[in-house]
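In my numbering, the protein residues as written are -15 to 473. Idealized CB from N, CA, C, for every residue including glycine. Note that this is a predicted model, so its numbers are computed, not measured. Step one of this worksheet: look at the structure below.
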Amino acid sequence: MSRSSYETDAEELLATLAHDRYLTGAGLKATAATAEIYERYRALFDPVLVRELLAERSEAKRHPLAELAVFGYLDGVVRPLTDQITNADAAAAVFWDSRPVPYREVPELLGTEADAARRHSLERLFDRDTAARNPLRERRWERLHEAADRLGFRSYRDLCDEVRGLDLESLSQSLDAVVAATDDAYLASLDQLAFRLNTTIAALSPADVSFVTRASQYDAYFPRHDLVPAFDRTLRGLGFRLESLRALTIDLEDRPLKAPEPFCAAVRVPGDVRLVALPRGGAEQYRLFLHEAGQATHWCFVNGSLPFADRRLIDPTLTEAFAGLFERLLQDPRWLRRTLGDVPSASYFEVLHLARLHRVRWCVAQLHYEQDLHGGAPLRELPARYVEQLQRRLLHGIAEVNYLAVVDAGFASAHRLRAWLLEAQLRRYLERELDEDWAADPRAGELLFHLWERGGRAAVAQVASEIGFAGLEGAPLIAELAGGPRRGG
């Protein structure tokens, strides 16, 4: 297969997968056709072709086509198990308040259940249901690890590290420094959370943290009818208008099968981007929607004349960093006043700051645990290692049944952490070039547009260098996390 033919077919594959994701996530059809789609394009993931693309890559550098081929091949290896787990999750239910509650809706209930005894009871039911599918998850990861070995890698960890250019060792060291530098800030915030719930840090459960950090008591500040207008006002502050994103379709229809959380499906880049959400308000809905809106904005502004790899196979670190810039505006009192007309009390900013501290530390713990999981640790040791890695950094109770349930393929934790480092650097850059209220300055839009339109042509390290840093540095993120929440403006 010629390179041109490969890229043409790969683009059609990605478009078809994204459109199918849109249809299922938007509630327009009940089941995904992922297996059928991959079967239609199985020639892209022929093992011989995968090895040829792997041979083309250079050391310590991401090779987008090899990455696409490798992870498409791996996905095919475990597709039946993946579908079995997905379908089982979709069909599962927890019996609660005299009615069956879909398994996937339980986390949202946990985040809004104010009664601690009921919250812990529901959490135990959810954990028991999660544990029932862990044997399937174990088989799935065993097969992925075996497939990595067949491709010539020492481990699945090494495969992800080398093919995606993650530099896991250096990244782990950088993020360990972030955790150490923010220990005091995190402990003080977590102690306040425990006091608020009339308990101790050691007695806190993940559901307790979720309940407080969801910030539902501030939902009235984030009305349903202002969800999309808030996005439009954000774009206007940057010198754009929502209607200028001609490729963007926003789907806010309320359908029974629609995914509970907002998502973005890039069907064609930059020609067809779908932003999907339920018509809901609330602080958490705004956070998730703005995150996806940031991704959608990046996709819409990519230069359509770029080669396939630069236009369509963008490093997730870049898109997630831009998404984080939009999401984090919810912690900016100036943006809140300008966009929504009011600013919550200081406690709102404290809660969101704790949520961010916790999210970063959880992800660092997850990164270390995933290196154990994918580096060859014995299966029987994994539940204990999971608890140890997370408790060391989060300090509160951890449910060991999640040792596989919360693990995404391909070291997604590494991409999130890299994105958070770059996001903090981008914000420092915008504040240095303009001021802290950069989101109200069209010049910031010009600076961001210059980055957006290049798609993936510039690697993450190059972007960091262009905005004044020697690669992905932890100092800006440390300053934001250790410095405490913004309280006025």
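Using a Cβ-Cβ cut-off of 8 Å (strictly less than) and excluding sequence neighbours within five positions of Asp175, which residues of its own chain qualify? As a first step, residue 175 must be located in the sequence shown, where it is residue number 191. Apart from sequence neighbours up to five positions away, the residues of its chain that approach Asp175 with a beta-carbon distance below 8 Å are Ile185, ordered along the chain.
Who are the Cβ neighbours of Gly473 in its own chain at under 6 Å, not counting the five residues just before and after it? Within the sequence shown, residue 473 is the residue found at index 489, counting from 1. Confidence at Gly473 is low in this model, with a pLDDT of 46, below 50, so the placement of that residue should be treated as unreliable; the coordinate-derived value is given next. Excluding sequence neighbours, Gly473 sits near Pro317 and Arg318.
Does Asp192 come out as helix, strand or coil in the three-state DSSP assignment? Within the sequence shown, residue 192 is the residue found at index 208, counting from 1. Per DSSP, reduced to three states, the secondary structure at Asp192 is helical.
In the structure shown, what three-state DSSP assignment does Gly235 receive? For the purposes of this step, residue 235 is taken as residue 251 along the sequence shown, with counting starting at 1. The sequence given here has Asp at residue 235, not Gly. DSSP places Asp235 in strand when its eight states are reduced to three.
Under the three-state DSSP convention, the category Gly473 falls into: Reading the sequence shown from its first residue, position 489 is the one you call residue 473. Low per-residue confidence applies at Gly473: pLDDT is 46, beneath 50, and the placement is therefore not dependable enough to give any value.
Just the Cα atoms here: how many angstroms apart are Asp238 and Arg364? Taking the sequence shown and counting its residues from 1, one reaches residue 238 at position 254. Taking the sequence shown and counting its residues from 1, one reaches residue 364 at position 380. Rounded to whole angstroms, Asp238 to Arg364 spans 44 Å at the Cα level.
Please classify Val85: does DSSP put it in a helix, a strand, or coil? For the purposes of this step, residue 85 is taken as residue 101 along the sequence shown, with counting starting at 1. In the three-state DSSP reduction, Val85 falls in the strand class (E or B).
Leu351 beta carbon less than 8 Å from that of Leu357: Translated into the one-based positions of the sequence shown, residue 357 becomes position 373. Translated into the one-based positions of the sequence shown, residue 351 becomes position 367. Leu357 is not a Cβ neighbour of Leu351, given a cutoff of 8 Å.
In terms of residue numbering, what span does the beta strand (DSSP E) encompassing Asp326 cover? Counting from one through the sequence shown, the residue named residue 326 turns up at place 342. It is not in any beta strand (DSSP E) - Asp326 carries neither H nor E in the DSSP assignment.
Quick one: Cα of Asp99 to Cα of Phe206, how far? Position 115 of the sequence shown, counted from the first residue, corresponds to residue 99. Position 222 of the sequence shown, counted from the first residue, corresponds to residue 206. Straight-line Cα distance between these residues: approximately 24 Å.
Flag this pair as yes or no: are the beta carbons of Arg127 and Val61 separated by less than 8 Å? Here residue 127 is taken as the residue at index 143 of the sequence shown, counted from 1. Here residue 61 is taken as the residue at index 77 of the sequence shown, counted from 1. In contact: Arg127 and Val61 (Cβ atoms closer than 8 Å).
Helix or strand or just coil, what does DSSP make of Phe79? Numbered from 1 along the sequence shown, position 95 holds the residue referred to as residue 79. Strand.
Just grab the DSSP bridge partners of Cys347 for me. If you number the sequence shown from 1, residue 347 lands on position 363. BP columns for Cys347 are empty, so no partner.
Residue range of the beta strand (DSSP E) that includes Leu174: As a working mapping, residue 174 is identified with position 190 in the sequence shown. Per DSSP, Leu174 belongs to no beta strand (DSSP E); it is in the alpha helix (DSSP H), Asp167 to Arg180.
In whole angstroms, give me the CA-to-CA distance for Glu92 and Ser(-12). Here residue 92 refers to the residue found at position 108 when the sequence shown is read from its first residue. Here residue -12 refers to the residue found at position 4 when the sequence shown is read from its first residue. Spanning the two alpha carbons is a distance of roughly 45 Å.
Reducing DSSP to helix, strand and coil, say where Asp142 ends up. Within the sequence shown, numbered from 1, the residue matching residue 142 stands at position 158. For Asp142, the secondary structure class from DSSP, reduced to helix, strand or coil, is helix.
Inspect the beta-carbon positions of Thr114 and Ser200 and report whether they are closer than 8 Å. Counting from one through the sequence shown, the residue named residue 114 turns up at place 130. Counting from one through the sequence shown, the residue named residue 200 turns up at place 216. No. Outside cutoff.
Quick one: using the 10 Å Cβ neighbour count with 16 as the cut-off for buried, is Thr70 buried or exposed? By 1-based counting over the sequence shown, the position of residue 70 is 86. Per the 10 Å Cβ criterion, exposed.
Would you please state the rounded distance, in angstroms, between the beta carbons of Gly11 and Pro240? I believe it to be under 8 Å. For the purposes of this step, residue 11 is taken as the residue at position 27 of the sequence shown. For the purposes of this step, residue 240 is taken as the residue at position 256 of the sequence shown. The pair is a contact, with the Cβ atoms about 6 Å apart (cut-off 8 Å).
So Asp294 is in the alpha helix (DSSP H); what residue range does that whole segment cover? Locating residue 294 in the sequence shown gives position 310, counting from the first residue. That run of the alpha helix (DSSP H) goes Phe292 to Arg296.
Give me, in chain order, the residues of the same chain whose beta-carbon lies closer than 8 Å to that of Glu107; leave out the 5 immediate sequence neighbours on both sides. Taking the sequence shown and counting its residues from 1, one reaches residue 107 at position 123. Only Leu94, Ser189, Pro190, Ala191 and Ala383 meet the Cβ criterion.
Might you give, ordered along the chain, the residues of its own chain that have their beta carbon closer than 6 Å to the beta carbon of Glu334, omitting 5 neighbours on each side? As a working mapping, residue 334 is identified with position 350 in the sequence shown. Sequence-distant partners of Glu334 (beyond 5 residues in either direction) whose C-beta falls short of 6 Å from its own C-beta, in its chain, are Pro469.
Inspect the beta-carbon positions of Leu432 and Leu222 and report whether they are closer than 8 Å. Here residue 432 refers to the residue found at position 448 when the sequence shown is read from its first residue. Here residue 222 refers to the residue found at position 238 when the sequence shown is read from its first residue. With a cutoff of 8 Å on beta-carbon distance, Leu432 and Leu222 are scored as near each other.
Count the other CB atoms, across all protein chains shown, that sit within 10 Å of the CB of Pro300; report buried if there are 16 or more and exposed otherwise. Here residue 300 corresponds to residue number 316 of the sequence shown, with the count starting at 1. By the 16-neighbour rule on beta-carbons within 10 angstroms, Pro300 is buried.
Gly265 to Arg321, Cα distance in whole Å? Within the sequence shown, the letter at position 281 stands for residue 265. Within the sequence shown, the letter at position 337 stands for residue 321. About 17 Å.
Looking only at its own chain, which residues have a Cβ that is under 8 Å from the Cβ of Arg124, when we skip the five neighbours before and after it? On the sequence shown, position 140 is the one that residue 124 refers to. Within the same chain, Cβ atoms closer than 8 Å to the Cβ of Arg124 are found at Val62, Leu65, Thr66 and Ile69, the five residues on either side in sequence being excluded.
What three-state label does DSSP hand Val163 in the structure shown? As a working mapping, residue 163 is identified with position 179 in the sequence shown. In the structure shown, Val163 sits in a helix (DSSP, three-state: H, G or I).
Decide if the region 202 to 219 is in contact with the region 321 to 330; the criterion is three or more beta carbon pairs, one per stretch, under 8 Å apart. With a cut-off of 8 Å, the region 321 to 330 and the region 202 to 219 count as touching, because enough Cβ pairs lie within range.
Does DSSP put Phe247 in a helix, in a strand, or in coil? The sequence position of residue 247 within the sequence shown is 263, counting from 1. DSSP places Phe247 in strand when its eight states are reduced to three.
Could you pull the start and end residues of the alpha helix (DSSP H) that Leu259 belongs to? Locating residue 259 in the sequence shown gives position 275, counting from the first residue. Counting along the chain, Leu259 falls outside any alpha helix (DSSP H), though it belongs to the beta strand (DSSP E) covering Asp256 to Val260.
Boundaries of the alpha helix (DSSP H) in which Glu40 is found, first to last residue: The sequence position of residue 40 within the sequence shown is 56, counting from 1. Glu40 -> alpha helix (DSSP H) spans Pro31 to Glu40.
Compute the Euclidean distance between the alpha carbons of Ala466 and Tyr57, then round it to the nearest angstrom. The count along the sequence shown starts at 1 and reaches residue 466 at position 482. The count along the sequence shown starts at 1 and reaches residue 57 at position 73. Each residue's alpha carbon lies about 42 Å from the other.
Examine the Cβ distances between the region 387 to 401 and the region 247 to 261 and report whether three or more of them are shorter than 8 Å. The answer is no - the region 247 to 261 does not touch the region 387 to 401, with fewer than three Cβ pairs under 8 Å.
Gln269 and Thr303: beta carbons closer than 8 Å? As a first step, residue 269 is located in the sequence shown; it is residue number 285 there, counting from the start. As a first step, residue 303 is located in the sequence shown; it is residue number 319 there, counting from the start. Cβ distance not < 8 Å, so Gln269 and Thr303 don't count as in contact.
Would you call the CB atoms of Leu418 and Val444 closer than 8 Å? Within the sequence shown, numbered from 1, the residue matching residue 418 stands at position 434. Within the sequence shown, numbered from 1, the residue matching residue 444 stands at position 460. Contact flag unset, no.
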